[in-house]
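In the working numbering, the protein residues as written are 44 to 403. Cβ coordinates follow ideal geometry from the N, Cα and C atoms, glycine included.
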Ligand SMILES: NC(=O)c1ccc[n+]([C@@H]2O[C@H](COP(=O)([O-])OP(=O)(O)OC[C@H]3O[C@@H](n4cnc5c(N)ncnc54)[C@H](OP(=O)(O)O)[C@@H]3O)[C@@H](O)[C@H]2O)c1
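Shown next, in the form of structure tokens:
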């Protein structure tokens, strides 16, 4: 039996779902793979728990219960207030650890780099470290000891399809079209069904489909980061600033509180209705699409054929269509649930196992 030490940054919705998944898989992974995944360090933005011999399942359960009750890790019996991630990642006596980044912060980069320089491994659901400069992306990914499946499409194997099926077979990827936002999928499907923009945004916010400020979804930057990660995975040296991003609200609505924004958006109903009508008149449908082709990427509202993979997509599902030399004229398509803590945790765990099973 090989014991694989785990060090995790982030103990929010996804972080706790990863811990739960790791605990649930213990027996299965022991007999199937001969590995035992063992947490040696865990932190949130303020507190940490570190135990080189392994944090017990009981302590993990109690820490999760405390977090769910609104307390920080520092306030649990196993926790203390940390002074930065570099302290947490350097656990005395530990080697060959897998560092898991399930924060939403770019402050993790120095600790991730430290870990990779120590021949550790890393798994990210956090897009931000990979959406900085291209130099930083290359530094983090060059060793091939970092995996990031959950950054695009949560648990769906979109990065794996790109890396292991297409790039590794020397297939030529001509174009990728994708829908990578459940919120914007909900919005465009509703617009097409005749509902108003303002009603859809308010409903999505009420149902918790959006970030606390819906502009974080409607601005398109989250989708742009996913497009950037796909582009860089193909070896395109793009920066985030080079991606054309269409925001689904005008600059004059950028200021003010989320409540002000929700109040003001009725003015956008008519322009969106007109765009839907224009697409429909041409036999097309509107989708919020990330399109990558010839070294460039665009993210925005597009009129697409109703019978295309992206045009057929309904509701909050995500989709990636790969148009390649082999997959022509019909693309290779992956479709499914592209968000949610369980799917994201599944993507993270699959990456952990793939790294745990590589030769060390
Ligand atoms: N939720 C999804 O469906 C989904 C899907 C795909 C990818 N993701 C990505 O997964 C990541 C986590 O998402 P989430 O929904 O779990 O977010 P979340 O609930 O906000 O959790 C974030 C966690 O990171 C911690 N954190 C923030 N900054 C930190 C720092 N500088 N150092 C250490 N810890 C820090 C937070 O600490 P506190 O608890 O102290 O605030 C919290 O525990 C994000 O990058 C998100 O984009 C999420």
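- To the nearest angstrom, report how far apart residue 207 and residue 313 are at their CA atoms. Rounded to whole angstroms, residue 207 to residue 313 spans 45 Å at the Cα level.
- Message: Can you tell me whether residue 166 is buried or exposed? The criterion is at least 16 other CB atoms within 10 Å of its CB, across all chains shown.
- Response: buried
- Item | Extent of the continuous alpha helix (DSSP H) run through residue 63 | 56–67
- Message: Rounded to the nearest angstrom, what separates residue 315 and residue 248 at their Cα positions?
- Response: 18 Å
- Examine the Cβ distances between the stretch 241–261 and the stretch 294–314 and report whether three or more of them are shorter than 8 Å. Yes: at least three Cβ pairs fall under 8 Å.
- Message: Can you list, in chain order, the residues of its chain with a C-beta nearer than 8 Å to that of residue 368? Leave out the 5 residues immediately preceding and following it.
- Response: 214, 215 and 217
- Beta-carbon contacts of residue 179 that lie in its chain and below 8 Å, excluding the five residues immediately before and after: 152 and 172
- Query: Are there 16 or more other CB atoms within 10 angstroms of the CB of residue 192, so buried, or fewer, so exposed?
  - Reply: buried
- Message: Taking 8 Å as the cut-off, is the beta-carbon of residue 404 closer than that to any non-hydrogen atom of ligand 1?
- Response: The requested residue 404 is not part of the displayed model; the chain covers only 44 to 403.
- Taking residue 50 as the reference, which of 82, 68 and 72 has the closest Cα? 82
- Item | Opening and closing residue of the alpha helix (DSSP H) in which residue 451 lies | There is simply no residue 451 to check, as the chain begins at 44 and stops at 403 in what is shown.
- What are the uninterrupted segments assigned as beta strand (DSSP E) that are 3 or more residues long and contained completely in the stretch 69–135, given in chain order? 78–86 and 90–93
- Message: Looking at residue 329: is its Cβ nearer than 9 Å to the Cβ of residue 322?
- Response: yes
- Taking all protein chains shown into account, decide if residue 109 is buried (16 or more other Cβ within 10 angstroms of its Cβ) or exposed. buried
- Message: Using 8 Å for Cβ pairs, my map puts residue 344 next to residue 291. What's the rounded Cβ distance?
- Response: Right, their Cβ atoms sit about 7 Å apart.
- Spatial neighbours of residue 157 in its chain, beta-carbon cut-off 7 Å, leaving aside the 5 residues before and after: 129 and 132
- Message: I'd like the list of long-range same chain contacts for residue 116, defined as Cβ closer than 8 Å, with 5 residues on each side in sequence excluded.
- Response: Short of 8 Å from the beta carbon of residue 116, and not among the five residues preceding or following it, lie these beta carbons of its own chain, in chain order: 54, 85, 86, 87, 89, 90, 91, 92, 106, 109, 110 and 122.
- Task: Going by CA-CA distance only, name the one from 143, 304, 359 and 224 that's closest to residue 342.
- Result: 224
- Message: Which residues does DSSP list as the beta-bridge partners of residue 375?
- Response: 365
- Query: With respect to 8 Å, is the separation between the Cβ of residue 336 and the closest non-hydrogen atom of ligand 1 below this value?
  - Reply: False, no ligand heavy atom lies under 8 Å from that Cβ.
- Query: Taking 8 Å as the line, does the beta carbon of residue 128 fall inside it for any heavy atom of ligand 1?
  - Reply: Yes.
- Query: Using a threshold of 8 Å, is the CB atom of residue 89 nearer than that to any non-hydrogen atom of ligand 1?
  - Reply: yes
- Item | Distance cut-off 8 Å: residue 192 Cβ against heavy atoms of ligand 1 | no
- For residue 58 and residue 163, the rounded distance between their alpha carbons: 19 Å
- Range of the contiguous alpha helix (DSSP H) that encloses residue 151: Neither: residue 151 is in no alpha helix (DSSP H) and is coded neither H nor E.
- Query: Hey, is residue 145 close to ligand 1, as in C-beta under 8 Å from one of its heavy atoms?
  - Reply: yes
- Item | Rounded C-alpha distance that separates residue 64 from residue 295 | 44 Å
- Would you kindly check if the distance between the Cβ of residue 155 and the Cβ of residue 142 is under 9 Å? yes
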